[in-house]
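Shown next, in structure tokens, is the structure this report addresses.
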Amino acid sequence: KQWYQRRVRGDSLLRKVLLSGVVPQNSLIMGPCAGGAVYSPAITDFTFMVKGTSHMFITGPDVIKQVTNEEVTQEELGGWGAHCSTSGCAAGAAENDVHLLLQTRRLLSFLPSNNKEKSPIQKCSDPADRLVPALDNIIPNSATLPLFY
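In this note's numbering, the protein residues as written are 2 to 150.
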């Protein structure tokens with residue numbers, strides 16, 4: 002049974018890799034996501050989480066406590082804050098499931114269905130020649146510095 006589960010998971014990841022760049026791939030984490038299931042959202046284009054109810058980690062707080070003697074909560078280990086601000090595995094978080102689905106619907110309105118379609122055109126009231134001086138400081142002048150320092 003274990004070899005079959007690994008094979009199915011491997012086949013699923015292979016399909017994701019083969020479809021990368023062909024169709025938009027998004028993951029909505031709306032509850033716990035642990036173990037081997039975490040690899041899938043990690044390789045999708047966009048991953049969104051629900052604040053307070055979704056967690057993503059390979060192994061949970063109990064194992065961390067047993068191995069390192071460190072006490073950590075599910076939220077600290079793999080909650081929306083950890084993945085939206087530290088690991089970068091999640092692109093954003095929503096207050097609840099409904100808000101997450103609405104955010105995802107909005108995101109999809111900006112994306113083509115596949116790589117052969119043109120991106121949808123959205124009306125924009127923002128002037129194209131608007132200057133944003135703060136953008137000059139996002140990328141450091143030195144290639145040896147991290148993007149966020």
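Don't be surprised by glycine CBs; every beta carbon is placed ideally from N, CA and C.
Annotation: T87 to G80 spans about 11 Å, alpha carbon to alpha carbon. With a contact defined as Cβ atoms closer than 8 Å, K52 and A83 miss out at about 12 Å.
Straight-line measurement puts the Cα of C125 at about 44 Å from the Cα of G61. Following the DSSP letters along the chain, one finds H56 in no alpha helix (DSSP H) but inside the beta strand (DSSP E) bounded by residues 56 to 58. Counting only residues of its own chain and dropping the five nearest sequence neighbours on each side, D137 has no CB closer than 6 Å to any other CB.
Excluding the 5 residues flanking it on each side, T105 has same chain C-beta neighbours closer than 7 Å at N27, L29, F49, in chain order. Note: A129 is not bridge-paired with any residue in the DSSP secondary-structure output.
Apart from the 5 residues on each side of it in sequence, N142 has no Cβ closer than 6 Å to any other Cβ in its chain.
Between G89 and I59, the beta carbon gap of about 16 Å keeps them out of contact (Cβ cut-off 8 Å). For the set S55, L103, L78, the Cα lying nearest the Cα of K66 is the one of L78. In the three-state DSSP reduction, V39 falls in the helix class (H, G or I). If you ignore the 5 residues before and after K17, its C-beta comes within less than 8 Å of the C-beta of Q26, S41, I44, T45, all in its own chain and listed in chain order.
Residue L20 holds the alpha-carbon nearest to the alpha-carbon of N116 among D12, G11, L20.
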